[in-house]
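Sequential numbering of the sequence shown, starting at 0, is according to numbering that gives the first Met the number 0.
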Amino acid sequence: MNKYKDSPNIRALKYLYGLYPKYFRMSIFNRTVESILPYFGIYMSAEIVNELVGGRDPKRVLLLVIITLAGNFVIDVFGNISDHICNIYAHSWHDAEAACFNDKTLSLDYSDLEEPSVRQLRRKIIESSWISDHGINSLRNSFFNLFSSAADIVIALIFSLGMVISILANGLKPVPVICLMVFIAATVGQTLYAKARAKKMSALWKEASDNMMNDNRIESEMHSYNMGKDVRIYNLKGFYRRIGEKLTNDLLSLYTRITSKQSKLSVPESGIGFLNDCALYLATALSAAAGAFGAGDIVKYVSAINRLSTSIGYLFQHVNDIKANTPFIEDYLAYLDIPRKMYQGTLPIEKRAFCEGGDYNYKIEFKDVSFKYPGSEDYALRHLSVTFNIGERLAVVGRNGSGKTTFIKLLCRLYDPTEGRILLNGVDISKYDYDEDMRVFTVVFQDFRLFGFKLSENVAAGLDIDEGNCRSCLENVGFGDKLAELPEGLETYLYKNFDKNGIEISGGEAQKIALARALYKNAPFIILDEPTAALDPISEAAIYEQFNGIVGNKTAVYISHRLSSCRFCDRIAVFDKGSIVQIGTHDSLSAEDGLYKELWAAQAAYYVKERDRVKVEDIS
């Protein structure tokens with residue numbers, strides 16, 4: 000069995016190569032040529048010296064100089080062109096890697112996105128790449144450096160072979176041979192020592208990278224817009240400063256240890272290097288003096304053997320860099336390997352036209368559904384059974400934490416039920432293709448997000464835009480007057496993320512755009528999950544009523560903790576502790592003893608008190 004079959008580094012390199020093969024092939028070619036080209040200058044310099052020491056033919060010297068200059072010019076031009084191509088390919092590779100990583104994030108099960116360990120893993124991968132220079136980019140760079148060192152070694156060995164052949168052909172002289180043996184022994188010793196030194200230093204640099212990430216996290220929090228209010232209200236400036244100073248001092252202390260360790264470890268290496276140089280120069284000088292080769296060849300062979308010795312040291316350094324980076328690669332692969340447990344369905348959903356009489360003829364049924372979040376022992380929903388009637392207005396109400404939003408998450412297949420089934424037209428929704436299923440639903444969540452793109456792109460949620468429909472949806476939700484004021488109309492950018500002329504919008508305007516986006520999708524089921532919770536009850540009720548008139552004969556679900564906002568609905572489902580405890584109309588639920596009546600009375604009393612308080616303040 001191949002021991003490298005399951006190596007994370009080998010697997011990661013195959014993955015990286017597959018992202019953009021042109022980049023890898025061009026880089027390997029470029030690195031190989033870069034290893035060969037320096038020897039042109041070394042060889043030509045040796046030939047010029049040999050000619051000056053030997054025949055001293057001015058014409059030949061001039062010819063060698065011209066060839067050297069012309070060759071260096073060609074090499075320089077070639078290097079610039081190949082580097083330019085490599086840089087272009089590198090950008091394409093970076094884009095491909097980022098796209099694949101982001102696609103993985105976008106395709107994860109929603110349950111995994113909410114899982115703290117998954118979020119932490121993704122954050123660690125990003126931080127290790129951008130802050131401490133570890134991870135997938137480090138592997139790519141180390142691989143190319145490793146290849147360069149290996150190519151340098153091969154080329155240097157080939158180039159140095161002439162020295163060995165010349166010495167053997169000239170007869171074995173004791174001193175040069177002894178010097179050569181000392182050089183070989185010193186090179187081996189230097190290589191082994193460099194390997195051990197790199198291994199010792201890798202642990203310290205790993206500790207430094209971890210501390211650096213912590214330091215940067217603190218710095219990021221200090222500059223975070225979201226933290227600004229709390230920092231000022233609770234006067235956390237001194238707290239953050241002290242923590243930052245501690246982390247900085249710890250990092251400085253660690254860098255001091257690293258520098259001190261490097262200095263101590265470099266002394267023996269320098270001594271071995273000095274012995275190496277003495278043996279090399281003595282062997283080549285004595286061999287040249289004995290007539291084994293010309294004086295100019297000393298430059299050639301010394302340069303080649305020095306590159307050989309240096310490249311061997313670098314080779315082991317890059318190997319250790321790859322080993323030290325392996326834990327980060329394992330994290331990267333672990334993220335890519337997160338399986339998709341949901342969204343495996345393949346059935347298409349039967350296309351339903353908007354038929355005469357006004358229904359899409361879709362039916363959804365919850366059958367004894369229970370659910371608990373991953374890692375939790377407590378059920379968020381218990382034995383839920385409810386049917387959505389076509390064209391019905393269903394209100395979902397209850398206290399905070401009663402399971403309302405969880406109910407919607409299951410409806411939209413953000414999670415699968417722990418127990419029971421959810422049926423669409425009699426078929427378990429898990430069997431449907433997810434994208435097909437999502438065509439049926441549109442949701443405006445309480446924490447909806449708009450993007451720094453054009454207004455039209457926000458409404459259409461894409462680049463294929465029906466401007467007439469887009470404009471109509473915005474007008475229907477009350478955004479028409481604001482739209483008329485915008486200098487670029489639908490082409491106006493929201494916020495200033497991508498356009499300095501982008502507009503800042505209020506919370507109410509953002510809500511209208513979110514509602515317009517829901518209308519634009521034109522799905523049979525429309526769900527409002529408390530998107531207006533920040534508004535006062537009267538404003539919320541008005542928006543719900545207005546939106547109800549817009550959606551026509553579609554099935555609509557309204558979620559609110561304010562009972563007055565949903566009085567117009569056909570049915571009201573009252574949630575409590577993860578179960579539906581009551582269901583009926585406002586009038587029927589108000590007439591019977593139960594949670595709805597209790598909540599209605601409590602909220603009504605509160606709003607009466609609030610109304611009276613405002614009146615008193617106005618009078619005073």
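Ideal Cβ positions, reconstructed from N, Cα and C, are used throughout, including at glycine.
Assigned with DSSP and collapsed to three states, G583 falls in strand. A Cβ-Cβ separation of about 6 Å places L18 in contact with E96 under the 8 Å criterion.
For H93, the enclosing alpha helix (DSSP H) stretches over residues P57 to S106. For the alpha helix (DSSP H) assignment, the uninterrupted runs of no fewer than 4 residues enclosed by the region 1-25 are, from N- to C-terminal side, 7-18.
Nearest neighbour of S106 by Cα position, chosen from K340, V385 and D586, turns out to be K340. DSSP links F365 through a beta bridge to V385 and I421.
Burial check for S384: the Cβ neighbour count within 10 Å stays below 16, so the residue is exposed. Looking only at I41, I35, F77 and S91, the smallest Cα-Cα distance to P20 is reached by S91. Inter-segment contact for the region 564-581 and the region 387-400 is present: three or more beta-carbon pairs are separated by less than 8 Å.
With respect to the 8 Å criterion, F370 and L413 are not classified as neighbours on the basis of their beta carbons. Beyond the five residues adjoining it in sequence on each side, D377 comes within less than 7 Å, by CB distance, of K371 in the same chain, given in chain order. Judged by DSSP secondary structure, D575 falls within the beta strand (DSSP E) whose first and last residues are R570 to D575.
Residue pairing by DSSP places L332 in no beta bridge whatsoever. Counting along the chain, no alpha helix (DSSP H) covers D528; the unbroken beta strand (DSSP E) around it starts and ends at F524 to D528. When DSSP reads this structure, I152 sits in no beta bridge, so it has no partner.
Only residues of its own chain outside the window of five on either side were considered, and among them S455, V458, A459, L489 and Y519 have a CB closer than 7 Å to the CB of C469, listed in chain order. When the five nearest sequence neighbours on each side are left out, the beta carbons in the same chain lying within less than 7 Å of the beta carbon of K299 are those of I41, Y42 and A45, in order along the chain.
Setting aside the 5 residues that flank it on each side, F39 is surrounded in the same chain by G70, each with a C-beta closer than 6 Å to its C-beta; the list follows chain order.
The beta-carbon separation of T441 and A517, rounded to 5 Å, stays under the 8 Å limit for a contact. Taking 8 Å as the cut-off, the beta carbon of L473 is found closer than this to the beta carbon of A515. In the DSSP assignment, A394 falls outside any alpha helix (DSSP H) and within the unbroken beta strand (DSSP E) covering R392 to G397. Apart from sequence neighbours up to five positions away, the residues of its chain that approach I154 with a beta-carbon distance below 7 Å are S34, I35 and Y38, ordered along the chain. Using a C-beta cut-off of 8 Å, the region 5-15 makes contact with the region 126-143, since at least three inter-stretch Cβ pairs fall below that distance.
When DSSP assignments are scanned along the region 410-483, the uninterrupted stretches of alpha helix (DSSP H) that are 4 or more residues long and fall wholly within it turn out to be 433-437, 454-459 and 466-475. Separation of F574 and D592 (C-alpha to C-alpha, rounded to the nearest whole angstrom) is 15 Å.
T554 places its beta carbon 8 Å or farther from that of F406.
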